[in-house]
Amino acid sequence: MPPEITRIETTEFSYTLSDVGSDPGFNLVYEPGETTERRLFSIRVHTDGDLTGEFVGGNSPAFAQFHEVADYLIGKNPLRRERHWSEMKRALRKYDRMGIGPVDIALWDLAGKHYGASIAELLGQYRERLPAYASTYHADDNGGLDSPEAYADFAEQCEEMGYGGFKIHGWGGSDERRDIAREVETVRAVGQRVPGMDLMIDPACEYETFGDALKVGRACDEQEFLWYEDPFRDGGISQHAHRKLRQQLDTPILQTEHVRGLESHTDFVDREATDFVRADPEYDAGITGAMKIAHMAEGHGLDVEIHSPGPAQRHCMAGMRNANYYEMALVHPDCQNTAPPIYEEYDDQLDSIDSDGTVPVPDGPGLGVEYDWEFIDEHKAGGRTYE
Numbered sequence: 001m002p003p004e005i006t007r008i009e010t011t012e013f014s015y016t017l018s019d020v021g022s023d024p025g026f027n028l029v030y031e032p033g034e035t036t037e038r039r040l041f042s043i044r045v046h047t048d049g050d051l052t053g054e055f056v057g058g059n060s061p062a063f064a065q066f067h068e069v070a071d072y073l074i075g076k077n078p079l080r081r082e083r084h085w086s087e088m089k090r091a092l093r094k095y096d097r098m099g100i101g102p103v104d105i106a107l108w109d110l111a112g113k114h115y116g117a118s119i120a121e122l123l124g125q126y127r128e129r130l131p132a133y134a135s136t137y138h139a140d141d142n143g144g145l146d147s148p149e150a151y152a153d154f155a156e157q158c159e160e161m162g163y164g165g166f167k168i169h170g171w172g173g174s175d176e177r178r179d180i181a182r183e184v185e186t187v188r189a190v191g192q193r194v195p196g197m198d199l200m201i202d203p204a205c206e207y208e209t210f211g212d213a214l215k216v217g218r219a220c221d222e223q224e225f226l227w228y229e230d231p232f233r234d235g236g237i238s239q240h241a242h243r244k245l246r247q248q249l250d251t252p253i254l255q256t257e258h259v260r261g262l263e264s265h266t267d268f269v270d271r272e273a274t275d276f277v278r279a280d281p282e283y284d285a286g287i288t289g290a291m292k293i294a295h296m297a298e299g300h301g302l303d304v305e306i307h308s309p310g311p312a313q314r315h316c317m318a319g320m321r322n323a324n325y326y327e328m329a330l331v332h333p334d335c336q337n338t339a340p341p342i343y344e345e346y347d348d349q350l351d352s353i354d355s356d357g358t359v360p361v362p363d364g365p366g367l368g369v370e371y372d373w374e375f376i377d378e379h380k381a382g383g384r385t386y387e
C-alpha cells in the first residue's frame, strides 16, 4: 500500500543576525552592533508510516497561500507530486503560487526517504559538486562594502579563496545613495582588480530609469561581465524593456527572478527578453516547478541560474546540465551569511567552499540534511497543524 498523508505541521520561528541592519530601501546591510530578527517557516508532512517529509524555508506570503490548499493533501498519496502540483497550481491561480514551493520540496524530501535516494539521484544527478560564486550583501556606509575599492578588495579575497565568480549588489534605498556614477566606478574597480573571475552585477531593481540601467550596462560591457541582472524599477518583469536593453548591450541579461511560473518564464524567453533564466525551488512552485523551467530553458538552448543557496537549490542544480554557478548569498567580509542556524551538518557561508570553489550536494535520502528541531521549537512564533 502507498503511504498516506495524515498530518501537516507548519511552524513560524525567528532567529537573529548580528552586525546586520537594513538600509532605507529594505536591503540587508552590514551595520556593526545592530541585530536583525528574521522570521522563517518549517513544514513537516507526516504519513501513516514512519516517513516524514521536511523543509525549512519560504516566507509569510508563501505560507499564507499554502494554508489555502493544505487540507487538500490530507489523505493523499505523497508520492503523486505531479498531480498535487497541478491541483495546487490551479487552486492558487489568483495568486503567484509561491505557496506550492515549500510543500513540494517537503514531498520530494519524503519521496527520497521512501526510495532511499537523494533528490539529486531522483532527478538523474548530472553532477556531485557545484561551482559557486560569491554573491554580496548590498553596499553599506558603515566601514564594510562601502566603496568601489572595498568591493574590489573583497572580490580579490574571494578569488584567493577559490571562488570562480563574484556578484555585486550595490547601493540603494534613497536618492543620495543611488549614485549611478558610483555604481559604474564599482563595476570598473572590480573588473580591473579580478579580470580572471566571472563577474556579475545585480542592482535588485534599484535603478530608476532605463538610462541609468544603460550606463551601468555599458560599464559591464567594458569589463566583460558574465551577466547583468534585474537593473531597474520595472521590478524585473517587463519583457519589452529588457528586450530593448539587450539590444543596446553586449553583456548578457539575466531575468525572471521576479516572474513566477513556467508559462511566464517561457514567455520571457520566447520574447528574447533575457539571455540567462532564473529559477528558484522556493519561489517557482517547488523542485517540480524549478525543474520544469530548467527543461524549458534547455529546449531553447539557454542556461538556468538557480537563485539563492540552500539544500533544495543544490539538488536542483545537481539534476540539471544547463547551469553554471551556485549562488553563495549573501556574503560579506565582516559578517555572516543570512542562513538560519538550523542545520546539524550543513552550511552556506563564505568559507563553505573547497579550494576549487565548489560545494557538495547532500547525498543522504531526500534533501540529505538534518534540521535542529529543538532550535526551531524554542524560537517558535506561530504555526498551524492540519490533520
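Throughout the sequence shown, residue numbering follows UniProt numbering, covering 1 to 387 in sequence. Using N, Cα and C, we set each Cβ at its ideal position, and we do this for glycine too. On a predicted model such as this, the values are computed, not experimentally measured, just so you know.
Of the listed residues the options, nearest to residue i (C-alpha basis)
i: His60; options: Pro78, Glu12 and Asp275; result: Checking the displayed sequence, the identity of residue 60 turns out to be Ser instead of His. If we check each option's Cα against that of Ser60, Glu12 comes out closest.
i: His332; options: Gly58, Glu128 and Pro32; result: Pro32
i: Leu122; options: Val194, Pro360, Met291 and Glu370; result: Met291
i: Leu107; options: Ile376, Pro365 and Tyr133; result: Pro365
i: Val216; options: Leu110, Gly191 and Asp198; result: Gly191
i: Arg314; options: Asp19, Arg90 and Pro131; result: Pro131
i: Cys205; options: Ala297, Asp221 and Gly173; result: Gly173
i: Gly382; options: Phe63, Leu226, Arg233 and Tyr207; result: Phe63
i: Asp260; options: Gly21, Ala279 and Glu345; result: It should be noted that the sequence gives Arg, not Asp, for residue 260. Of Gly21, Ala279 and Glu345, the residue nearest in Cα terms is Ala279.
i: Thr209; options: Arg233, Met1 and Pro195; result: Arg233
i: Pro229; options: Leu28, Glu9, Val277 and Ser352; result: First, the amino acid is wrong: residue 229 is Glu here, not Pro. Ranking Leu28, Glu9, Val277 and Ser352 by Cα distance to Glu229 puts Val277 first.
i: Glu37; options: Thr16, Tyr30 and Gly21; result: Thr16
i: Glu176; options: Leu350, Pro24 and Arg39; result: Pro24
i: Tyr133; options: Gln125, Ile201 and Asp109; result: Ile201
i: Asn77; options: His258, Val69, Gly301 and Thr47; result: Thr47
i: Ala213; options: Leu249, Ala329, Cys335 and Ala297; result: Leu249
i: Arg321; options: Asn337, Leu330 and Met296; result: Met296
i: Val184; options: Val194, Arg384, Glu222 and Pro195; result: Glu222
i: Phe154; options: Ala181, Thr186 and Ile8; result: Thr186
i: Tyr343; options: Val369, Gly236 and Leu199; result: Val369
Burial state of residue i, where buried means 16 or more other Cβ atoms lie within 10 Å
i: Gln65; result: buried
i: Ser42; result: buried
i: Gly310; result: buried
i: Phe26; result: exposed
i: Ser135; result: buried
i: Glu128; result: exposed
i: Gln247; result: exposed
i: Pro341; result: exposed
i: Glu282; result: buried
i: Gly53; result: buried
i: Asp354; result: exposed
i: Pro362; result: buried
i: Tyr126; result: exposed
i: residue 394; result: As displayed, the chain neither begins before 1 nor continues past 387, which places residue 394 out of reach and without an answer.
i: Ser18; result: exposed
i: Arg93; result: exposed
i: Gly211; result: exposed
Beta carbon of residue i nearer than 7 Å to that of residue j
i: residue 388; j: Ile74; result: In the structure displayed, the chain extends from 1 to 387; residue 388 sits before or after that span and is not available.
i: Pro203; j: Pro231; result: yes
i: Gly265; j: Thr256; result: Note that residue 265 corresponds to His in the displayed sequence, not to Gly. Closer than 7 Å, so yes.
i: Val56; j: Tyr371; result: yes
i: Asp377; j: Gly162; result: no
i: Met197; j: Glu224; result: no
i: Gly319; j: Gly116; result: no
i: Leu254; j: Trp227; result: yes
Separation of residue j from residue i, as counted between CA atoms
i: Ala219; j: Met317; result: 30 Å
i: Leu51; j: Pro3; result: 8 Å
i: Asp348; j: Gly99; result: 24 Å
i: Ala294; j: Ala111; result: 21 Å
i: His307; j: Leu262; result: 15 Å
i: Asp71; j: Gly286; result: 18 Å
i: Thr274; j: Met1; result: 46 Å
i: residue 441; j: Val269; result: Absent from the structure is residue 441, since the part of the chain shown begins at 1 and ends at 387.
i: His114; j: Glu34; result: 44 Å
i: Lys89; j: Ala312; result: 20 Å
i: His379; j: Glu345; result: 20 Å
i: Leu367; j: Arg178; result: 40 Å
i: Cys335; j: Leu350; result: 10 Å
i: Ser352; j: Gly21; result: 23 Å
i: Glu156; j: Gly164; result: 11 Å
i: Ala323; j: Gly289; result: 16 Å
i: Val359; j: Ile119; result: 16 Å
i: Tyr30; j: Arg182; result: 18 Å
i: Thr10; j: His258; result: 25 Å
i: Asp303; j: Leu28; result: 28 Å
i: Asn337; j: Ser14; result: 16 Å
i: Arg97; j: Ala339; result: 24 Å
heavy atom of the ligand SAH below 6 Å from residue i C-beta
i: Val45; result: The ligand SAH is not part of this structure, which contains no ligands at all.
Residue-level contact to chain C via CB, residue i, 7 Å cutoff
i: Pro252; result: Among the chains in the structure shown there is no chain C, since it carries only a single protein chain.
Point to revise | Stretch pair the segment 144 to 154 + the segment 69 to 83: three plus CB contacts closer than 8 Å | key: no
Check your understanding: Does the pairing of the segment 123 to 143 with the segment 164 to 178 give three or more beta-carbon distances under 8 Å?
Key -> yes
Review point. Are the segment 33 to 47 and the segment 103 to 110 touching by the rule of at least three beta carbon pairs closer than 8 Å?
Key: yes
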